[in-house]
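Those sequence lines, one after another, are chains A and B. So the first sequence is numbered by our numbering: it starts at 1 and just counts up by one. So the second sequence is numbered by our numbering: it starts at 1001 and just counts up by one. Here's the structure, in structure tokens; my notes come after.
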Amino acid sequence: MSTLVTDQKTEATRWTGKNVPRKEDERLVKGQGRFADDIRRHNEAHVYLLRSPYGHARIRSIDVTAANNSPGVICTLTGEEVAVLQKPFMEIAPPPGGLMEDYCLAVGKVHFMGEPVVAILAETEELARDAADLVDIEYDPLPAVVDGEAALQSDAPLVHEEAGTNVVWHGVYDWGDIQGAVSRADKVVKIDRLHFHRFTSTPIECNAAVVEYYPGSGEYTFWCNNTMPQFAAMFMGPALGIPTDRLHFVTQDIGGSFGNKITTYVYLTICAILAKKSGRPVKWTEYRTDHILGGSHGNERTFRNIVVPVMADGTILGISATAIDDAGAFPRYEPLGSVIWSQVVPNVYRFRDVKIDFTQVVTNKCPVGPNRGYSRLQHMWMVERIVDIVAHELHLDPIEVRKKNYIQPEQMPYETPNGCVYDSGDYPRCLDLALELIDYPKWRERQIMALGSGKIIGIGIGSTLDSGTNNFGQARIINPQLPFSGNGEVSNVKLDLYGEVVVTIGTTPQGQGHETTAAQVVSDILGIDPDHVRVLIGHDNARNVYTGFSGTYASQFAVTGLGAVQGAAEKLRREIVQLAAGVLQADESEIELRDGSAFVRGQEQRTIPFIGLANIVFANNATMPAGLDVSLNCTYTYRPPFSVPDVERKFGNLTLTYATQIHACVLEVDAQTGHTTILDYAAVDDSGRLIHPQIVEGQVHGAAGLGIGGALYEALEYDEEGQLLTSNFYSYKAVTAVDVPMMKTAAIESPSPFSPNGAKGMGEGGGAPLHAICSALQDVMRQTSGAIITDSFNPSERVYWLMQDTTKGREGVSVEERA
Amino acid sequence: MLLKELSYVRPNSVEEAIELLNTYPDAGILAGGQSLINVLKMRIGAYSTLVDISALKELQQIRESMGFISLGAATTYDDIIHSPTIMLNRPILAETAIRIADQQVRNRGTIGGNCCYNDPTCHFPPLLTAMGATMLIAGKDKRSEMTAEEFFTGYYQTALEPGELLVDIRIPKPQRPYGDAFVPLSVGGTDVLNAVTVTAHLELNAEGKLTEVRLVAAGVGPRPLRMTAIEKVLDGQPYHLSDVASAVATFDISALEPPSDVHASGEYRRQMVPVLTERALKTALEQVGRGYRE
């Protein structure tokens, strides 16, 4: 069910804002999509990666003799060769993180279970795998460090000896006056520890690539599903010692990424080296277990010593906390997560005094990578837990506490304590709608009726933001030497030889419907039907349409991608109008475009179709009207209005748009087992102007399902030796359709004043289900043991134990009354 | 290969299957393959030969006799779900089978495979133990039978000897009002993985007293565990027993040594045994009561 609640005046558009049929769907539902694994090259060879069975071990020796002599084996690759053929990948961090050496295969030692140690190239993937059994590796196991806090201990094993520490990055964020807030507070709520667990998004398509090397030009082509190819190129070019323009990336249909496919440059580098070494096109398709072991995980974060000054009425004045973020064995995209959370410092609330001591560490676990809601959801989860715990400890209604602390719509645009500008939104209204959708008063009654029945009903709220369109200048807060700021995307819109409209974008869609929404935008500008707009699939840098930021990540397509499409289409429209005015001998102001033709307004017979215009430019240009210089081939680079943040104060606008998600969850806990069942669920979104409401709603459902899985079922658990205990779908219980409840959704539209079309990025969501489920479980504990929900992962067993324990479950939480 | 290289043979009869199992050293039996192929693919276990019995029609029969129904060992879950014989006689078998994984798995997975794999999360070992099933085994030149309770011997272990094949599972048709219950505790979403399962069977004699009570817990030790202490208390009680809880309390859970793993701690499993037992008993009692009143 979806309700679009809109009272905004919308300018008349024929296509934008409508649920036109998705252009992608026909090929996808007919099984005609083309994914990385569907690519075949003549004479291709297959890669198998032999991975570390240890969390941490020194490699004493590797013997590949038998594997090299195995039937069908073309060659093998070990860390020893890699150390010669590759320079360590660039690190984003300054020292100490910047000193950590990262190669595509383990060099000298293994840092996590699943790290690739030997690559085997053979005539078939089966022969490559069989040969892997013949590789003889001697390991000396080392003690492992698998916890972020433990990694900071002075006697902790070092993941990277060359750095001399497990710390990747440390910084103190201090805005406002937290000490002043503490002294003027009525009460101070203290929470010793909150823990946001490690999980990931398990896209249905694992990583895959076909890589070919052309010795003639020194160019490598990657048919792959990497979702931020120019970021990959930035790492791979220097590592391979070649100009990045020799790295040709081609993406096609991608079966989900959720950020997980950003850091695949490590694997693409293995394939590149093998392709050059063997002279053969190299094909690599990841197994599911390998993906879970060595793909990319979400950030795990522990918050310590949380201090929350509050007034007696529940007004929150500020937050101070220590955050320890566990990046796994190699930083890679990190430590960007150490600043990205600060896009949403106060979440949706008005408090202004904040101090966060942030440390990111490495551990002997799979490296993390951006994962839907990246770095902000961990922080907003802490803020939402604080709101619920404050309400719980002060015996206030958590819904009232939220309303009391929300930033109000009349304060928009709102500058946060660190200079981010929330563009628009109406949080109280979204909350009211969510409560209406679940019929909140009814559930409060049923909650009482259920007392003593063995089932305990809990009601919870998650209020979040999805900050979209990064200002990459925030990377300078991590490392002032980085020459990055702003953001941008490129599009080309042209009339082809016979008047066809063709759109090219630098993005890497993975289910977001870019072809459809781009066509909608172009259709409105050029006066044609979306069915007549061809949008090329995926990213291909041979098309020369990309920036360094190109890709699909961080909730930005609706702004950067469609901003670029809009700019290019408007340029093309101006050229078409100029040309048509010349041909039809009319004034440009008299030309209108509709149904694929240009008309002189009010004179139906004075017309020329697009094919006629294209003919003049591309095949008949001696007839070009005098004085015109049109190409009908228009490229536009969208650049959002950003400035470089103040690195010293860690201050500036870090993202352009802030979409709202308010989720309400009603769940029932079995008092005897701790088993949780969701009874009712509502998600209310404000994503600004909606280009295609159905696509937006689809993403709302997806993000909600992912969050529900993370809250109740999905955890990447390591034992103390660094063995991943949940490396396949038997033990890693990815959420399924059976587990996701029927969802009620609604949307309001608060257009962004900053984006070119009023839209906001919204694909990630802010992890609202994790917050809402924890909030609802807190409501359950209110009726039972009074325990505090301090972990983001709450399977039946944890809920069971929390309900049993009336003292231990409250440890670490206290309220200090101020005089 | 995805699997280690191995030989594959497909016999045309049970006799031939037994012959092959006794000819090839280290031969494994392939029925539906829903567990075995995963084990081989992950290279946790290996066989040099697979004897594929999935095409043997004689192992896929569901038959009804005077005192029992019998299911061929290669009967698929889907066949169990759609069998009128089972629905008329022991519907619990179908109600349990439909909880297993998804339709693709149910199309191929077999009851015999489920039993011979004997993972503590498997559905049929505790159910068949509670139902008092008999396992019929064919070996070289001999046929033998044993109770389900004797059949399931330990984690992933059964009494089946090398060279033998489970051919038939015989399940009694109770001649008296009866109740069956299957109560799992699934962790990780809906019917995903049963950390603990309790199954119950009971009957009423002519005086309206409970008899043939069998209560079985799985996932709390190496094999499906009969909770005989509770069974004894219940034997001879009237079916409208009001105090199920104190009967259940006679079972000493402190003696259990359940495994701890990533799915559930041993202590949690232990605590869940009385909870699930009470639920299973209540379900079975309700059912037997209905039968009695009718």
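Glycine included, every Cβ here is placed at the ideal spot set by N, Cα and C.
In the DSSP assignment, residue 1113 of chain B falls within the unbroken alpha helix (DSSP H) covering 1111-1117.
Counting only runs of 3 or more residues that sit fully inside the region 141-194 of chain A, the beta strand (DSSP E) segments are 167-175, in chain order. Note that the C-beta distance between residue 221 of chain A and residue 266 of chain A is not below 8 Å. Interface residue (Cβ-Cβ distance to chain A less than 8 Å): residue 1036 of chain B is not classified as such. Look at residue 1264 of chain B: its C-beta is under 8 Å from a C-beta on chain A. Rounded to the nearest angstrom, the gap between the Cα atoms of residue 390 of chain A and residue 384 of chain A is 10 Å. Taking the Cα positions, residue 1237 of chain B is about 5 Å away from residue 1209 of chain B. Between residue 792 of chain A and chain B, the shortest Cβ-Cβ separation is not below 8 Å. Unbroken alpha helix (DSSP H) stretches of 4 residues or longer found wholly inside the region 505-575 of chain A: 514-526, given in chain order. About 6 Å separates the beta carbon of residue 256 of chain A from that of residue 511 of chain A, a gap short enough to meet the 8 Å contact definition.
The Cβ atoms of residue 1216 of chain B and residue 1269 of chain B lie no closer than 8 Å to each other. Residue 796 of chain A reaches chain B at 1187, counting residues in chain order whose Cβ is nearer than 7 Å. With respect to the C-alpha of residue 1170 of chain B, the residue from B:1240, B:1034, B:1064, B:1187 having the closest C-alpha is B:1064.
Flagged as an interface residue toward chain A: residue 1192 of chain B, by a C-beta distance shorter than 8 Å. In the DSSP assignment, the residues bridged to residue 50 of chain A are A:118.
Put simply, the backbone Cα of residue 630 of chain A is about 13 Å away from that of residue 622 of chain A. CA-to-CA, the gap between residue 1191 of chain B and residue 1206 of chain B works out to about 37 Å. Cβ neighbours of residue 28 of chain A within its own chain (closer than 8 Å, five residues either side excluded): 253. Comparing C-alpha distances from residue 1129 of chain B to each of B:1093, B:1143, B:1110 shows the shortest one belongs to B:1093.
C-alpha of residue 349 of chain A to C-alpha of residue 429 of chain A: approximately 14 Å in a straight line.
Here the region 471-484 of chain A does not lie against the region 568-577 of chain A, with fewer than 3 beta-carbon pairs under 8 Å apart. By a beta-carbon distance limit of 8 Å, residue 1280 of chain B contacts residue 1183 of chain B. Their separation comes to about 4 Å. The beta carbons of residue 461 of chain A and residue 402 of chain A sit about 6 Å from each other, so the pair counts as a contact at 8 Å. When the Cα atoms are used, residue 601 of chain A and residue 590 of chain A turn out to be separated by approximately 5 Å. By the C-beta criterion, the region 317-331 of chain A is judged to be in contact with the region 176-186 of chain A, since at least 3 inter-stretch pairs fall below 8 Å. For residue 379 of chain A, the enclosing alpha helix (DSSP H) stretches over residues 376-394.
Three or more beta-carbon pairs separated by less than 8 Å are not found between the region 135-154 of chain A and the region 97-105 of chain A, which leaves the two stretches without contact.
Residue environment analysis places residue 1250 of chain B among the exposed positions, since fewer than 16 neighbouring C-beta atoms fall within 10 angstroms of its C-beta. Under the Cβ distance rule, residue 736 of chain A counts among the residues neighbouring chain B, one pair being separated by less than 8 Å. Contact check between the region 504-519 of chain A and the region 537-554 of chain A: three or more CB pairs, one atom from each, fall below 8 Å, which counts as touching.
Here residue 118 of chain A really is in contact with residue 64 of chain A; their C-beta atoms are around 6 Å apart, less than 8 Å. Our two residues, residue 405 of chain A and residue 1287 of chain B, have alpha carbons roughly 54 Å apart in a direct line. Among the residues facing chain A, residue 1014 of chain B is not included, as its CB has no counterpart in that chain under 8 Å away.
Sequence-ordered contacts of the region 642-676 of chain A with chain B read 672, 673, 675 [C-beta pairs closer than 8 Å].
Judged by DSSP secondary structure, residue 609 of chain A falls within the beta strand (DSSP E) whose first and last residues are 603-609.
Listed in chain order, the beta strand (DSSP E) runs fully inside the region 714-790 of chain A are 744-748, counting runs of at least 3 residues.
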